[in-house]
Each structure stands twice: as C-alpha cells, then as structure tokens.
Ligand code: FES
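Residue numbers (the UniProt record's numbering): 1 to 116.
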C-alpha cells in the first residue's frame, strides 16, 4: 500500500493517523484525541492496540500508567486492564475499557474513529 505519512489508508475515512511507528516502541503508550474522546495507543508484544484513555474507575489518564506486555496499569489506583480487549485483569476497576481498532501500515499507526 502506498501512501504518504498523514494520509488515510482507509478510503472511507474510518481511521485517523496517530503517530509514526517509530514513536511507539514496545511497552510505550501514546495519548491522542478522537473527536471528543481521549484514546491511548500502546504497543504490547509487538502489536498495536487502542483503548479509551481515561480509566473506567475514576479520573486518571492511562497514558500516564504503564504497559507491560499487554497489561495496562492505571497510574492512580493501579487497576490492570488487558489492552487487547479492555477487560479488567485486576481491580479496583470493575468496568472494562472501550476498545478501538488500531492498525499499523507503512510505518504509520492509525486508530478507528468508532469504538469496537
Ligand atoms: S482511577 Fe484507575 S484504578 Fe482508580
């Protein structure tokens, strides 16, 4: 697929450009805005994932937390979520995170505009 950085690889405009692949190394987190939503993108076990950027427990920006493999830990009360599907691995949170589709193509990372 040929496109320039910042162009959209999906013809129906369903994805937005987030960052270059080189900006997201293993266990890195990158916060972005999609519409009015805060989203955090992370690279775990080599793959790229995206979930809501605000913890489901109280107000904490998950980009300030830590990603270890696929376990995303909140910086405030240390709930742990599986970044692959948003599920809660460890409380105190009990509500899963909303998930966004993330793709990596031609050295760029893109996230779906819609959840799910
Ligand atoms: S705000 Fe994230 S665990 Fe409490």
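All C-beta atoms in this analysis are idealised placements derived from N, C-alpha and C, irrespective of residue type, glycine included.
Are the CB atoms of residue i and residue j nearer to each other than 8 Å?
i          : j           : result
residue 51 : residue 100 : yes
For ligand 1, is there a heavy atom less than 7 Å away from the beta-carbon of residue i?
i          : result
residue 76 : yes
residue 71 : no
residue 93 : yes
residue 79 : yes
residue 58 : yes
Considering only the alpha carbon of each residue, which of the options lies closest to residue i?
i           : options         : result
residue 57  : 32, 80, 85      : 80
residue 26  : 60, 17, 91, 72  : 72
residue 29  : 114, 96, 109    : 109
residue 35  : 89, 94, 18      : 18
residue 86  : 67, 76, 104     : 67
residue 120 : 22, 77, 84      : Past the boundaries of the shown model lies residue 120; the chain is included only from 1 to 116, so the question cannot be answered.
residue 20  : 104, 14, 55, 45 : 104
Return the first residue and the last residue of the beta strand (DSSP E) that residue i is part of.
i           : result
residue 70  : Per DSSP, residue 70 belongs to no beta strand (DSSP E) and is neither H nor E.
residue 113 : 108-115
(request) Would you mind listing the beta strand (DSSP E) stretches within the stretch 8-39 that are 3+ residues and don't spill past its ends, in chain order? (result) Within the stretch 8-39, the complete beta strand (DSSP E) runs of at least 3 residues are 15-20, 29-34.
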